[in-house]
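Mapping of the sequence shown onto the working numbering: residues 1131 to 1484, in sequence order.
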Amino acid sequence: MRLRHALGLTVVATTALLGLSVPAVAGPAAQLRTYVDPRNAVFQPGERVQVLASDERSLFNTGAHYGQGVWARFSTLPPTGQFFAPGTAGSTAIGTTTDGMVHNVVAAGNRVFIADRSMTDGRWSPWGEISEARAAGPLPGTPQQIAVAAMGRKLHVLALVDGKVHQATADWNTGTWSGWGDVSSAAGLPAGTKIAAAVTGNSLHVVSLGLDDGVHVADGDYDRGTWRAGEPTALLGLPSVVAIGELSAAAIGSKLHIVAEANDRLYQATGDYAAGSWVGWGDLTAATGPVGPVGSVDRLAVAAVGNKLHLYALSGRGMYNATGDYDRGTWSGWGNVSAAVDAPGLTGLAVTAA
């Protein structure tokens, strides 16, 4: 679906609320048990996530079932139909459609590839190419970063090329791909260096870190067929005097949660699209403590499961997880996932609620 440009754009939020957007009480670190056979626990319905990770040579999958308190061990993704060397993956993204399919997306060079996994039986599809002519077609250049967001049985794939965001949509109801649309031009989104994406209702939110170091959001309303853009940092200011380095986003109900890293600290801003307001920036590190023994944040990813926001970070090539429970109003400390599942040293990370 191609959305038309909305006339008379305004800032996404109209007011800024006082107070932090995060529960301020830190709870104990969650120590999840491991489970050797992922075909059992992590594929049962409930609070689940799936992880797409990478190092210099391989792509890895793992998953967690938070209701049962288990992690699956890391395994390499099947090579069936793989048209690229895993070590050439420049960016990864992952999303889950409502049919229970987890879509693993990888950019390698100026091409974008996808492999799907069923959360019913754990089976993988062969790799396919999104950027081939019979799918979405080629991109105008090499992606700096990719992101995905699922909306029902549709998967929106975003690619940041030369500072502009391009979008292609897969519709599993019809088995078709759209071509790449220019979101930046349609929404009036300034040139960016980082992107993330999330969905509330029938709206797609593209979060971008601009060349001006501000955070911008482009909202695609698929009910109205319009795009609009706004800048949360124009309302809230910047989270730190140090520039943002990492950016991720997830949605809980009508609320878009943006998590940003600056100087190895994590901050959160939340846009409530039902209330038309933004709150933040909340200092997550004050609630969770620093990430791991080193305290660095080399990669950042977030996923929303129910009324919980799960943070994932790579620090010193290890993977860590902390959780904000909005029912209890608490944050856990950071748990060492890599130590629990004997993970390899990682350089790339993407997560999705499953």
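In this text, a Cβ means the ideal position worked out from N, Cα and C, and glycines have one as well.
Reference residue i, options the options, closest by Cα
i     : options                       : result
G1305 : D1292, D1343, A1266 and L1334 : A1266
A1194 : G1419, S1462, V1471 and G1475 : V1471
W1254 : G1309, F1190, T1272 and W1307 : F1190
L1439 : A1171, Y1196, L1319 and R1187 : Y1196
V1371 : K1385, A1392 and R1358        : A1392
S1261 : G1410, A1443 and G1239        : G1239
G1355 : P1369, N1332 and E1361        : N1332
D1251 : D1457, P1209 and A1171        : A1171
V1313 : I1382, D1351, W1302 and N1303 : D1351
A1380 : E1361, G1367, A1431 and V1424 : A1431
D1394 : L1476, F1213, Y1403 and T1418 : T1418
T1228 : G1367, A1316 and W1302        : W1302
G1490 : R1264, I1382, A1263 and G1293 : Examination of residue 1490 is not possible in this model, given that the chain is present from 1131 through 1484 alone.
F1213 : G1199, G1258 and G1475        : G1258
N1437 : G1406, E1186, G1475 and G1383 : G1383
S1468 : D1353, W1201 and P1175        : W1201
S1221 : G1199, S1188 and R1247        : S1188
L1476 : D1457, R1458, G1459 and R1429 : R1429
P1369 : L1414, T1192, R1247 and A1215 : L1414
S1315 : D1353, Q1275 and W1357        : W1357
Q1198 : D1457, P1175 and A1215        : P1175
Cβ pair residue i, residue j closer than 8 Å
i     : j     : result
A1245 : N1234 : yes
L1339 : G1322 : yes
G1454 : W1464 : no
Q1297 : W1307 : no
V1345 : T1363 : yes
L1377 : V1336 : no
V1236 : A1484 : no
L1319 : A1359 : yes
G1217 : P1256 : no
A1433 : F1204 : no
S1426 : G1412 : no
L1182 : A1480 : yes
E1177 : V1435 : yes
T1482 : G1225 : yes
M1485 : F1173 : The shown model of the chain, from 1131 to 1484, leaves out residue 1485, and the question about it has no answer.
G1410 : L1386 : no
A1300 : A1348 : no
Reduced DSSP secondary structure (H/G/I, E/B, other) of residue i
i     : result
S1468 : helix
A1171 : helix
V1155 : Because the pLDDT at V1155 is just 37, under 50, the model does not fix this residue reliably, and the point stays unresolved.
T1304 : coil
P1474 : coil
T1363 : helix
Q1161 : With a pLDDT of only 47 at Q1161, under the threshold of 50, the placement of this residue in the model should not be trusted; the figure read from the coordinates follows. Note: Q1161 maps to coil in three-state DSSP.
T1140 : Note that T1140 scores a pLDDT of 27, beneath 50, so its modelled location is shaky and nothing firm can be said.
Whole-Å CB distance - residue i paired with residue j, under 8 Å assumed
i     : j     : result
S1184 : G1478 : 4 Å
D1342 : I1374 : The pair is not a contact, with the Cβ atoms about 11 Å apart (cut-off 8 Å).
A1277 : V1329 : Actually they do not touch by this definition, with Cβ atoms about 12 Å apart.
V1242 : P1273 : 7 Å
N1451 : L1444 : In fact, because the Cβ distance is near 11 Å, the residues do not count as touching under 8 Å.
A1416 : W1408 : Actually they do not touch by this definition, with Cβ atoms about 20 Å apart.
I1325 : L1365 : With 8 Å as the limit, I1325 and L1365 do not qualify as a contact, their Cβ atoms being about 20 Å apart.
H1286 : A1223 : The Cβ separation is near 10 Å, so there is no contact.
Host beta strand (DSSP E) of residue i (start-end)
i     : result
S1221 : A1219 to T1226
T1323 : G1322 to T1330
L1479 : G1478 to A1483
Q1398 : R1395 to D1402
M1249 : Counting along the chain, M1249 falls outside any beta strand (DSSP E), and DSSP gives it neither H nor E.
G1501 : Outside the shown range of the chain (1131 to 1484) lies residue 1501, about which nothing can therefore be said.
D1349 : V1345 to D1351
G1193 : L1189 to H1195
Q1180 : R1178 to S1184
W1201 : V1200 to A1202
I1388 : K1385 to A1392
I1382 : E1376 to I1382
Q1275 : Q1275 to M1281
A1434 : R1429 to V1435
G1340 : S1333 to G1340
S1445 : K1438 to S1445
L1368 : Run containing L1368: none; DSSP gives neither H nor E here.
N1240 : N1240 -> no beta strand (DSSP E), and no H or E assigned at all.
A1291 : Just to set this straight, residue 1291 is Val in the shown sequence, not Ala. Where V1291 is concerned, the enclosing beta strand (DSSP E) stretches over K1284 to V1291.
Delimiting residues of the alpha helix (DSSP H) encompassing residue i
i     : result
V1485 : The first residue shown for the chain is 1131 and the last is 1484, placing residue 1485 beyond what the model contains.
T1356 : Taken as a continuous stretch (DSSP letters only), T1356 belongs to no alpha helix (DSSP H), being part of the beta strand (DSSP E) at T1356 to G1360.
A1417 : L1414 to T1418
Any C-beta of chain B under 8 Å from that of residue i
i     : result
F1190 : Annotation note: the requested chain B is absent from the structure, which comprises a single protein chain.
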